[in-house]
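Per our numbering, residue 1295 is the first one in the sequence shown, and the count goes up by one each step. Every residue gets a Cβ at the ideal spot worked out from N, C-alpha and C, and that includes glycine. This report refers to the structure that appears directly beneath it.
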Amino acid sequence: MSLADVAYVPEDAAHDPEIEAINEEAFGPGRFVRAAFKIREGGPHARDLSFVALHGDKVIASVRLTPINAGEGQALLLGPLAVRPAWKNLGIGKRLVRIAVEAAAVAGWGAVVLVGDAPYYGPLGFKPIPRGQLTMPRPVDPARLLAAELHSGAVEMLTGEVRHAALARAAGERA
Ligand SMILES: CC(C)(COP(=O)(O)OP(=O)(O)OC[C@H]1O[C@@H](n2cnc3c(N)ncnc32)[C@H](O)[C@@H]1OP(=O)(O)O)[C@@H](O)C(=O)NCCC(=O)NCCS
C-alpha cells in the first residue's frame, strides 16, 4: 500500500457500486436519516465536481458535491466524504476535500457547505455558519454546519431552508 499509487480522478458512473459500499461501511444504515442525506435525495449530485481516490482500479475513497439553494443563495453541499478503513489517516480525505473545493471554485461556485467536524474541516477553509442563518430538513448540531466561502459574500446569501437545487427550481417554476 503506497500513497504514490493513489490517483485522484473525477467520479464516473462505473464507480457508483463501490462508492455505495464505502459509504455503507463508513456510515451504516444511519446515513439514511442524516439531514444531508435528506437534501441529497432531492436530486443528483454534481458528478463532474465529485471525486474518487483510486488504488489501481479500486475505489478507496470518495467525496461528492451536490448543488443546493437557500434563500437567494446557491452553493454546493459536500458529502459524503469517506475513506476505506485501511487507507485512513494518510491524508486522502483532506486531499479529496481540497480537490473538490478547488474544482468548485474553478467552476465558479461561491460557497461549499457541509455538516461535519470543525476540527477536521477548519484547516481546509471551512468556518461555522452563523447560528440560525440556515435550516436543515432534519436537526443538526449548529456547530457542525460549516461553509467555505469561494466568492466574497456568497455565504451570507444562504438563508433559510437548504434544499436540493432541483427542488428549489421546481418550487420556483410552480410559484
Ligand atoms: C473522516 C475521514 C473522511 C477522514 O479521512 P482520512 O483520509 O482518514 O483523514 P486524513 O488523513 O485526511 O486526516 C487525518 C487527520 O484528521 C484527523 N481526523 C479524522 N477524523 C476527524 C474528525 N472527525 N475530527 C477531527 N479530526 C479528525 C485525524 O486524527 C488525523 O489527524 P492528524 O493528521 O493530526 O494525525 C475518514 O476517517 C472516514 O471515512 N471516516 C468515516 C466517515 C466520516 O466520518 N466522514 C466524515 C463525515 S463529516
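Screening all residues for a C-beta within a distance smaller than 5 Å of any heavy atom in ligand 1 leaves Ala1320, Leu1375, Ala1376, Val1377, Lys1382, Asn1383, Gly1385, Ile1386, Gly1387, Lys1388, Gly1410, Asp1411, Pro1413 and Tyr1414, in chain order. Closest option to Ile1313, judged by alpha-carbon separation, among Val1377, Ala1465 and Lys1382: Val1377. A check of alpha carbon separations from Leu1390 across Ala1380, Gly1466, Leu1444 and Pro1374 identifies Pro1374 as the nearest. In the DSSP annotation of this structure, the continuous segment of the alpha helix (DSSP H) that includes Arg1392 starts and ends at Ile1386 to Val1400. Between Val1449 and Ala1405, the CB-CB gap stays under 7 Å.
The shortest CA-to-CA distance from Val1327 to any of Phe1420, Arg1432 and Tyr1302 is the one to Arg1432. The region 1361-1368 and the region 1450-1467 touch, with three or more beta-carbon pairs separated by less than 8 Å. Pro1304: member of the beta strand (DSSP E) spanning Val1300 to Pro1304, first to last residue.
Taken atom to atom, the span from the alpha-carbon of Glu1443 to that of Ala1320 is near 27 Å.
Runs of the beta strand (DSSP E) lying entirely within the region 1394-1438, each at least 3 residues long, are 1405-1409 in chain order. Excluding sequence positions up to five before and after Arg1425, its CB lies within less than 7 Å of the CB of Pro1436, all in the same chain and listed in chain order. When the alpha-carbon of Ser1446 is set against those of Gly1402, Pro1417 and His1458, the nearest one is in Gly1402. The C-beta separation of Ala1330 from Val1409 comes to about 5 Å, placing the pair in contact by the 8 Å criterion. Just so you know, the alpha carbons of Leu1440 and Asp1299 end up roughly 32 Å apart. For Arg1328, there is no enclosing beta strand (DSSP E), since its DSSP letter is neither H nor E. In this structure, Leu1371 and Ile1362 form a Cβ contact; the two beta carbons are roughly 5 Å apart against a cut-off of 8 Å.
In this structure, Gly1336 keeps its C-beta atom at 7 Å or more from the C-beta atom of Ala1465.
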